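The structure under discussion appears below in the form of structure tokens.
Protein chains in written order, with our numbering: chain E, 1 to 281; chain U, 1001 to 1186.
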């Protein structure tokens, strides 16, 4: 089957491991992700910080293109992009005059009917039903499932389960044989887009998340957002320096863990691209 | 008080926030949950509940302090404050508005220089290529922030792991993106 996909910029760059594992997983389950033709950046934090109209027009172009090409269900693996697309769809639906203005900016039709799904919803809908028969190597580890901010908030728009203690990723991980541990930082922020401009703040916030996961005996932190991954994995040297610690816990995308469980190799899911060594295979 | 007091056009920042983003600062009863849950509150000059309190006073001096604050730029829009607010005050949308207002009035806090430079470099990258060109973003940001040595070790490591493109990936209809930027620029 075919499904629309909006990878977003980081999956083409710094989160190539995530991209790789999403596509490998799709292949293993006979799903063909079709990229929205000529997609652009969603504008991320920068656009909504500096220019409201632009922050709506950029995601609206993506959604309008999806509509134009008949892609009515779109998988958005990046939690940050997912949030921008969902918030835009919500805002334009709520404010018809704003929608008209954005259509005028785009010079395109925009209905706003696309179904935007995040990676956990995608797994739940298309992977879980066939998962049991495919699991070859149960993922026999203790995991701290880190949801972060943008996958779950704003909850009124995203309708995620249990705002402060979400369960969906825990349930998915348990299905492949993992033990999801209780973890206090499930939805705390990693410092998000301040990674380059205020590395000190990201080191402080990400360090707290990592410390709690290690302290509770997790073998890995599981994520579903390229920004969380880059802050917790690529920024590890800064974090260790800031806290004067030697945190070693690996950070794994949920799709990588499922990939391993169904028999993909560590290279196939992109572990070789991580900064923090992953001794899980 | 005259009977016409109810119809006086308020000119405060709180009134503008209410008009532009439909956020009523007056609804806040200072429970402090937003500040308690805010991951960056301790680095701020005024935590979110304090920003709301200052807005409530509708005093020009306080409005000025807010627009010149470091707080509005440190907000990471993680949305924790909104999800915990018993009055459902949309603080993240309010922060977006305050940042834009601060910029349009040229009141950006000097301590937020690098944060703003990063956002600007980010948008410049999208404007040019339609997508984020990570290497270009880092180089442009370094040029603006004059922070040339930061993250020197990160680039080569990212390259060796195939996580950084040397050249930008350009979308086909860049003219469309340029038009969107032009039409939405104030």
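Even for Gly, the Cβ is constructed at its ideal location relative to N, Cα and C.
Please read all numbers here as calculations on a predicted model, not as lab measurements.
{"query": "Would you call the CB atoms of residue 232 of chain E and residue 254 of chain E closer than 8 Å?", "result": "no"}
{"query": "Should residue 1155 of chain U be flagged as near chain E, meaning a C-beta pair shorter than 8 Å?", "result": "no"}
{"query": "Does any C-beta atom of chain E lie closer than 8 Å to the C-beta of residue 1167 of chain U?", "result": "no"}
{"query": "Any idea what DSSP makes of residue 37 of chain E, helix, strand or coil?", "result": "coil"}
{"query": "Can you say whether residue 182 of chain E is buried or exposed, counting buried as having 16 or more other CB atoms within 10 angstroms of its CB?", "result": "exposed"}
{"query": "Please report whether the beta-carbon of residue 1144 of chain U lies at a distance below 8 Å from any beta-carbon of chain E.", "result": "no"}
{"query": "Does any C-beta atom of chain E lie closer than 8 Å to the C-beta of residue 1114 of chain U?", "result": "yes"}
{"query": "Would you mind telling me which residues of chain U sit closer than 7 Å to residue 9 of chain E, beta carbon to beta carbon, in chain order?", "result": "1131 and 1132"}
{"query": "Give a yes or no on whether the minimum CB-CB distance between residue 231 of chain E and chain U is below 8 Å.", "result": "no"}
{"query": "Can you give me, in chain order, the residues of the region 36-47 of chain E that have a beta carbon less than 8 Å from any beta carbon in chain U?", "result": "38, 39, 40, 41, 43, 44, 45, 46 and 47"}
{"query": "Given this structure, state the Cα-to-Cα distance separating residue 1001 of chain U from residue 102 of chain E, to the nearest angstrom.", "result": "Note that residue 1001 of chain U scores a pLDDT of 47, beneath 50, so its modelled location is shaky and nothing firm can be said."}
{"query": "In chain order, what are the residue ranges of uninterrupted alpha helix (DSSP H) at least 4 long that sit wholly in the region 1063-1087 of chain U?", "result": "1071-1074 and 1080-1084"}
{"query": "Would you verify that the beta carbon of residue 1108 of chain U is, or is not, closer than 8 Å to some beta carbon of chain E?", "result": "no"}
{"query": "Report the start-end ranges of each beta strand (DSSP E) in the region 1028-1064 of chain U that is 3 residues or longer and not cut off at the edges.", "result": "none"}
{"query": "Would you list the residues sitting across from residue 115 of chain E in a DSSP beta bridge?", "result": "E/73"}
{"query": "Let me know the secondary structure DSSP gives residue 31 of chain E once reduced to three states.", "result": "coil"}
{"query": "Against chain E, with Cβ distances strictly below 8 Å, would residue 1148 of chain U count as a contact?", "result": "no"}
{"query": "Tell me the rounded alpha-carbon separation between residue 1004 of chain U and residue 108 of chain E.", "result": "For residue 1004 of chain U, the predicted structure reports a pLDDT of 48, less than 50, and the residue's modelled location is therefore unreliable. A value from the coordinates is still provided. Between residue 1004 of chain U and residue 108 of chain E, the C-alpha separation is close to 46 Å."}
{"query": "Rounded to a whole number of angstroms, what is the C-alpha to C-alpha distance between residue 1146 of chain U and residue 1139 of chain U?", "result": "10 Å"}
{"query": "Starting from the C-beta of residue 2 of chain E, find all residues in its chain whose C-beta is less than 7 Å away, skip the five residues before and the five after it, and write them out in chain order.", "result": "32 and 34"}
{"query": "Can you check which of these residues, E/83, E/127 and E/60, is closest to residue 25 of chain E by C-alpha distance?", "result": "E/127"}
{"query": "Check the Cβ of residue 1054 of chain U against every Cβ in chain E and list those closer than 9 Å, keeping chain order.", "result": "Going along chain E, no residue has its Cβ under 9 Å from residue 1054 of chain U, so there is no contact; the nearest lies around 21 Å."}
{"query": "Any idea which residues DSSP pairs residue 179 of chain E with across the strands?", "result": "E/142"}
{"query": "Nearest-angstrom Cα distance between residue 1184 of chain U and residue 1126 of chain U?", "result": "14 Å"}
{"query": "Determine the contact status of residue 1116 of chain U and residue 1108 of chain U, defining contact as a CB-CB distance below 8 Å.", "result": "yes"}
{"query": "How long is the line joining the alpha carbons of residue 41 of chain E and residue 100 of chain E, rounded to whole angstroms?", "result": "21 Å"}
{"query": "Should residue 188 of chain E be labelled buried (16 or more other beta-carbon atoms within 10 Å of its own) or exposed?", "result": "buried"}
{"query": "Taking the straight line between their C-alpha atoms, what separation do you get for residue 1056 of chain U and residue 1017 of chain U?", "result": "11 Å"}
{"query": "Inspect the beta-carbon positions of residue 106 of chain E and residue 46 of chain E and report whether they are closer than 8 Å.", "result": "no"}
{"query": "Between the region 125-139 of chain E and the region 199-216 of chain E, do three or more beta carbon pairs fall short of 8 Å?", "result": "no"}
{"query": "Does the contact criterion of 3 or more C-beta pairs under 8 Å hold for the region 81-89 of chain E versus the region 1162-1169 of chain U?", "result": "no"}
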